[in-house]
Every structure is written in structure tokens, then in C-alpha cells.
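Trainee:
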Amino acid sequence: MPNDFAYLTLLVWPIVSIVLYTKYPVITATFWTIVGGYLLLPVGVKFDFPFFPGLDKRSIPAIMAYFGCRFIARQNIKILPPRGIERNLIILFFIGTLATVFTNGDPVIEANRYIPGLGFRDILSTVISQWLLLMPFILGLQLIKTHEDQVLFFKLLVIAGLCYSLPILFEIRMSPQLHRWTYGFFPHSWIQQIRYSGFRPVVFLGHGLWVAFFLVLVLGAALTLSKLKIRISYFPNKLVITYIIILLFLSKGFGSMILSMVLFVGITMFTSLFTMRIAMVIVTAAFSYPLLSILELFPHTYLVELIGSVSQSQAGSLGYRFNQEVMLLDRAQEKWLFGWGGWDRNRLADSVTDGYWIILFGKYGAIGFSAVFGLIVSTVLIGQRWFSRLQEKNDKTIIACHCLLAALIILDQIPNASMSPCAWLVIGGLAGRIAHIPKTNDRIKIHNTPI
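Note that the sequence shown covers residues 21 to 471 in the numbering used here.
(1) Closer than 8 Å is the cut-off here; do at least three beta carbon pairs connect the segment 199-217 with the segment 144-154?
(2) Give me the Cβ distance between Trp216 and Lys272, rounded to the nearest whole Å; I'm assuming they're in contact under 8 Å.
(3) Give every residue of the same chain whose Cβ lies closer than 8 Å to the Cβ of Trp377, excluding the five residues on either side of it in the sequence, and list them in chain order.
(4) Helix or strand or just coil, what does DSSP make of Ala455?
(5) Using the rule of at least 16 other Cβ atoms within 10 Å of the residue's Cβ for burial, across every protein chain shown, is Cys421 buried or exposed?
(6) In chain order, which alpha helix (DSSP H) runs of at least 4 residues are fully inside the segment 238-307?
(7) Is the Cβ-Cβ distance between Ser438 and Leu293 less than 8 Å?
(8) Between the Cα of Gly218 and the Cα atoms of Phe224, Phe190 and Leu239, which residue gives the shortest distance?
(9) With DSSP as the reference, please indicate the residues paired to Arg215 in a beta bridge.
(10) Can you name the start and end residues of the beta strand (DSSP E) that Phe69 belongs to?
(11) Taking the alpha carbon of Leu410 as the reference point, which residue from Phe290, Ile454, Pro441 and Leu424 has its own alpha carbon closest?
(12) Extract the residue ranges of the alpha helix (DSSP H) inside the segment 70-145, only unbroken runs of 4 or more that lie entirely within it.
(13) Between the Cα of Leu279 and those of Ser149, Phe358 and Val238, spot the shortest distance and give me the residue it belongs to.
(14) Consult DSSP for Val330 and reduce its assignment to one of helix, strand or coil.
(15) May I have the straight-line CA-CA distance separating Lys43 from Leu270, to the nearest angstrom?
(16) My assumption, with CB atoms under 8 Å, is that Leu59 sits in contact with Ala241. Please give the rounded CB distance.
(17) Would you grab the beta carbon distance between Gly448 and Leu159 for me? Rounded to a whole angstrom, and I think it's under 8 Å.
(18) I'd like to know whether the C-beta atoms of Leu172 and Pro187 end up nearer to each other than 8 Å.
(19) In whole angstroms, what separates the C-alpha of Tyr322 from that of Leu312?
(20) With Val65 and Tyr27 assumed to form a contact (beta carbons below 8 Å), what rounded beta-carbon distance in angstroms separates them?
(21) Measuring straight from C-alpha to C-alpha, what distance separates Ala335 and Val46?
(22) Would you please state the rounded distance, in angstroms, between the beta carbons of Val400 and Ala299? I believe it to be under 8 Å.
(23) What are the boundary residues of the alpha helix (DSSP H) that Ile187 is part of?
(24) Can you list the alpha helix (DSSP H) stretches of 4 or more residues lying completely in the segment 344-408, in chain order?
(25) Identify whether Gln433 lies in helix, strand or coil by the three-state DSSP scheme.
(26) Quick one: Cα of Trp363 to Cα of Arg251, how far?
(27) Once you ignore the five residues that flank Thr373 on each side, which residues in its own chain have a CB closer than 8 Å to its CB?
(28) Please state whether the Cβ-Cβ distance between Asp290 and His320 is less than 8 Å.
(29) Check this for me: beta carbons of Met296 and Cys423, under 8 Å apart or not?
(30) Measure from the alpha carbon of Leu13 to the alpha carbon of each residue in Tyr263, Thr53 and Gly88, then state which is nearest.
(31) To the nearest whole angstrom, what separates the beta carbons of Thr50 and Ala85, a pair I think is in contact under 8 Å?
(32) Distance check for Ser440 and Ile396, CA to CA, integer angstroms please.
(33) By how many angstroms is the C-alpha of Tyr254 removed from the C-alpha of Val446?
(34) Mind checking Thr288: buried by the 16 CB within 10 Å criterion, or exposed?
(35) Taking the C-alpha atoms as reference points, what is the distance between Phe72 and Ser408?
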């Protein structure tokens, strides 16, 4: 059970957010409000109110970031993107969510459980919940406008990672204890945090896999800044990058290790054009996977055997996930268009849901899945379209690296559910930068000032 301090931190975070917006520029304040809340607030603790989604470590920072931008920083921030495909996809997600509620009025009755049907009480809560889920994307889209904004955002991400590395190192050595010591309980299965005769750090993120994936985002930002020849910190860039890579491997996330290698090779060893092509291949593969799985065309068995040649334990874990995914997919296809809705209606009594894509498809059907994944895919596709028209080398570099990072985010949603507020802010920042590229007579000229 959470202690009183866990609830106190949720109550204090709005005050922290207000202070941030009164003392720092809007991008910096927004970053620390959203990402700081994600990194520091307790997992699974929330305030529940009727007809309203629970107020927790995701929703409270999202609400405060919107009000901070709108009413303290006096930014003309809209509750929805003002135009473009992003606006249309978010509206589609909301409409699909309403349809999900309207088509799930029947209860789920099984041998060991009874889940009531969705009704009027769920409409407002569900729509607000989805809006808060996408708020980091919406804010990033409207705040990140220039090359300098992107550089600032990546610097903040690296700073956050370096600061968070201290509790990560502590838990690697001493075991994941900080959440229990601070908030009174451990937020996940303890056995899942034991790997290779050591521990995965959890800190305040809920699972070791999410800590490892956060470090992947930090590594992507550090590699991008280094390629732009921008100093990351007081230490040499190579030392910072080496430190993050070591930390990531010590965090024992097998998938994140692979993603980090793709990032390192894709950013440091190839031109920006080839980096962009890698991003396009990854996005295409990630978006195609659900369709191939539905049609039973994806080579699950071969992939498990391939992983088994490297690590039997990882192959066993992946095979278990695939088996669970097949069962969940069969259930999701019973209501394939709008899904089953929340309250675990999309799950079987004994199932485990790992991949974000199958969670989306099960809860909100093909409409919800297409809208949410479409936001990420369309961002990378539009980035690729404008990439070829950019004139400045540094702009091509940062767009290509940012697109690769976004592509790896969507790829990780196939086996895992790592779609955090930080990840949404990364994608929203890319979408915003692309949307604000100046266009004159079908040519683009960007004049950068020294940072």
C-alpha cells in the first residue's frame, strides 16, 4: 500500500509545476513538468473522482503542463493541434473511443470474473483520459518550432538522463528499493527485475524495461548532439555517450540493448540520408507487424529460434509473449473495429498484455490502433518528405536522427508497452519541428544562429 508521502507528492507536483513556469522558459518548464513527473512521481498511485480519470503521475503533469503553457507562459496552446493530419488522427481517436463505449454496454461474464458493461459514466472519463494521454504530443507539436528548440529539447533529455543515472546506478548495485523506501510499496513483480545474476533498476518508473528504454531515448539525444558537434556537458561527448551505453547494458534490457546498437550505428556510421532510410524501414516494419500477425504471416517461430541462438532465456521470454499475443489477438478480433474498452475487458482471465499495439487493438480496435500508431508513422513519413528539401546540413542531421528515434519508439511498442509521456513528447517535438519548417516557393531555407 502507498504511504502518505506518495499522495503528498501528487498534491505537491502542481506547485512544483507553477514554480517551473514562473522561473524558466516555456520549453524547459514543460519538459521538467512532464518528464520530471514521469521520472519522480509514484507508480500506480492516484486520486479517483466520479466521471473523471484517475489523477496520477501521467495525468497531473499533463494537466499542469497545459495550464502552465496556456495561462502562465501565455502561449497560444490549443487543446487540439490547430491543423494537419495530427488533428484529424486525434479526432478520429476520440470518435473511435466514443464508439468503443457505445458498443460495449454488455458485461463480460466468465468463469472467474464479472466485468460490467461500459455506460454513460465512462464517456467523459474515457475521452479526458485519451486527451491527457496525448497531451505531451500536443504540447510538443506546438512548442518545438525551430532547430534551436530541438537542440534545447535534446540537451534537456540528456541532462535528465545523467541526473537519473545516479539512482539507476544505486539500484543496479543495491537492488530496486527506492520506490519501496520512498513510497511504501514495490510497483511490480520482483522476480522480473532479476536478470543475469543481478538486478534491473526500476527507480520510480515501475519496471526495469521502462528504465532501459528511457536510457535509449537519452542515448539518441546524446548521439544526435554529438553528431551536430554540440557539447553535451562539462565532460567530453564521447565520455558521456560511453557512460550512457554502459549504464544501458547494466540495466539488462535485452531489447533496449538492440535498439541502442541500432541508434549508435545508424547515427554515427552513416550519412543523414541513410539514417533517414533506416528510420523509414523500421517504421514500415513496425506498422506492418500487426497486419502480418493477424494474417498469420509473421515468422514468430523463426524469430524465437534466432534469439535462442543468442540467449535461451530471452527466447523463452519472447516465445511466451508471442503465445500470449496470439490469444489476445483472437479475442481482439471478436470486436476488431472499436475494441473491448477498458477495465481489462480486452484481456482473458489468465492473459498477460505486454505489447502496446495489442493493448491498443484490444481496447480500441482497428480505429484506435490506426489513429495512435498513425500519429507516429505519419510524423516520420512527413519528416522524410521534408528532409529532402532541407538545405542546411545540421537541419538534415537533426531531423534524420529525430526520425530514427521516433521509429525506434514505435518499434518498441510491438513487444513492450513503453509509450511514456517522455516518448510522446519526443514524437510531438519532431512533429512540431516539421510542421514549422518554413516553406517558400516550394523550397526551404533555414538560417541557424549559433547556440
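Ideal Cβ positions, reconstructed from N, Cα and C, are used throughout, including at glycine.
Mentor: From the atom records:
(1) Short answer: they don't touch.
(2) Here the question's residue 216 lines up with position 196 in the sequence shown. Here the question's residue 272 lines up with position 252 in the sequence shown. One point to set straight first is that residue 216 is Tyr, not Trp, in the sequence displayed. 6 Å between Cβ atoms; contact.
(3) By one-based count along the sequence shown, residue 377 stands at place 357. If we look at Trp377 and ignore the five residues flanking it on each side, its Cβ neighbours are Tyr309, Pro310, Phe389, Phe393, Gln433 and Ile434.
(4) Along the sequence shown, one-based indexing puts residue 455 at 435. Per DSSP, reduced to three states, the secondary structure at Ala455 is helical.
(5) Counting from 1 along the sequence shown, the entry for residue 421 is found at position 401. Flag for Cys421 reads buried.
(6) Runs of the alpha helix (DSSP H) inside the segment 238-307: 257-270 and 274-288.
(7) As a working note, residue 438 is residue 418 in the sequence shown. As a working note, residue 293 is residue 273 in the sequence shown. No. Outside cutoff.
(8) Along the sequence shown, read from residue 1 onward, the residue named residue 218 stands at position 198. For the set Phe224, Phe190 and Leu239, the Cα lying nearest the Cα of Gly218 is the one of Phe190.
(9) To locate residue 215, count along the sequence shown from 1; it is residue 195. Per DSSP, Gly218.
(10) As a first step, residue 69 must be located in the sequence shown, where it is residue number 49. Annotation for Phe69: the continuous beta strand (DSSP E) segment containing it runs Phe67 to Phe69.
(11) For this step, residue 410 is matched to residue 390 along the sequence shown. Nearest of Phe290, Ile454, Pro441 and Leu424 to Leu410, Cα basis: Ile454.
(12) DSSP runs (the alpha helix (DSSP H)) wholly in the segment 70-145: 79-87 and 104-122.
(13) Counted from its first residue, the sequence shown places residue 279 at position 259. Ranked by how close their Cα comes to the Cα of Leu279, the residues Ser149, Phe358 and Val238 have Val238 in first place.
(14) Taking the first residue of the sequence shown as position 1, residue 330 is located at position 310. In this structure, Val330 counts as coil in the three-state DSSP scheme.
(15) Mapped onto the sequence shown, residue 43 falls at position 23. Mapped onto the sequence shown, residue 270 falls at position 250. Our two residues, Lys43 and Leu270, have alpha carbons roughly 36 Å apart in a direct line.
(16) In the sequence shown, the residue the question calls residue 59 occupies position 39. In the sequence shown, the residue the question calls residue 241 occupies position 221. Contact between Leu59 and Ala241 fails: their C-beta atoms lie close to 15 Å from each other, not under 8 Å.
(17) Here the question's residue 448 lines up with position 428 in the sequence shown. Here the question's residue 159 lines up with position 139 in the sequence shown. The C-beta separation of Gly448 from Leu159 comes to about 6 Å, placing the pair in contact by the 8 Å criterion.
(18) On the sequence shown, residue 172 is found 152 positions in, with the first residue counted as 1. On the sequence shown, residue 187 is found 167 positions in, with the first residue counted as 1. Taking a C-beta distance under 8 Å as the contact criterion, Leu172 and Pro187 do not qualify as a contact pair.
(19) As a working mapping, residue 322 is identified with position 302 in the sequence shown. As a working mapping, residue 312 is identified with position 292 in the sequence shown. Taken atom to atom, the span from the alpha-carbon of Tyr322 to that of Leu312 is near 14 Å.
(20) On the sequence shown, position 45 is the one that residue 65 refers to. On the sequence shown, position 7 is the one that residue 27 refers to. Confirmed, Cβ separation roughly 7 Å.
(21) Taking the sequence shown and counting its residues from 1, the one referred to as residue 335 is at position 315. Taking the sequence shown and counting its residues from 1, the one referred to as residue 46 is at position 26. Going from the Cα of Ala335 to the Cα of Val46 covers about 45 Å.
(22) Here residue 400 refers to the residue found at position 380 when the sequence shown is read from its first residue. Here residue 299 refers to the residue found at position 279 when the sequence shown is read from its first residue. Rounded to the nearest angstrom, the Cβ distance from Val400 to Ala299 is 6 Å, consistent with a contact under 8 Å.
(23) Taking the first residue of the sequence shown as position 1, residue 187 is located at position 167. This sequence places Pro at residue 187; Ile is not what is there. That run of the alpha helix (DSSP H) goes His167 to Met194.
(24) As far as the segment 344-408 is concerned, its whole alpha helix (DSSP H) runs of at least 4 residues are 376-407.
(25) Along the sequence shown, one-based indexing puts residue 433 at 413. In the structure shown, Gln433 falls within a coil segment according to DSSP collapsed to helix, strand and coil.
(26) Here residue 363 refers to the residue found at position 343 of the sequence shown. Here residue 251 refers to the residue found at position 231 of the sequence shown. When the Cα atoms are used, Trp363 and Arg251 turn out to be separated by approximately 47 Å.
(27) The sequence position of residue 373 within the sequence shown is 353, counting from 1. These residues qualify, in order along the chain: Gln344, Leu348, Asn366, Arg367, Ile379, Gly382 and Ala437.
(28) To locate residue 290, count along the sequence shown from 1; it is residue 270. To locate residue 320, count along the sequence shown from 1; it is residue 300. Here residue 290 is Phe; the residue named in the question, Asp, does not match the sequence. In this structure, Phe290 sits away from His320, with a CB-CB distance that is not shorter than 8 Å.
(29) The sequence position of residue 296 within the sequence shown is 276, counting from 1. The sequence position of residue 423 within the sequence shown is 403, counting from 1. One thing to note: Met296 has its Cβ within 8 Å of the Cβ of Cys423.
(30) Any answer about residue 13 is impossible in this case: the structure gives the chain only from 21 up to 471.
(31) The residue given as residue 50 occupies position 30 in the sequence shown. The residue given as residue 85 occupies position 65 in the sequence shown. Between Ala85 and Thr50 the Cβ distance is about 5 Å, and since that is below 8 Å, they are a contact.
(32) In the sequence shown, residue 396 corresponds to position 376, counting from 1. In the sequence shown, residue 440 corresponds to position 420, counting from 1. Computed Cα separation, rounded: 13 Å.
(33) In the sequence shown, counting from the first residue as 1, residue 446 sits at position 426. In the sequence shown, counting from the first residue as 1, residue 254 sits at position 234. If I take the Cα positions, the gap works out to 24 Å.
(34) Here the question's residue 288 lines up with position 268 in the sequence shown. Counting Cβ neighbours within 10 Å, Thr288 comes out exposed, since fewer than 16 surround it.
(35) Numbered from its first residue, the sequence shown carries residue 72 at position 52. Numbered from its first residue, the sequence shown carries residue 408 at position 388. Taking the straight line from one Cα to the other gives about 45 Å.
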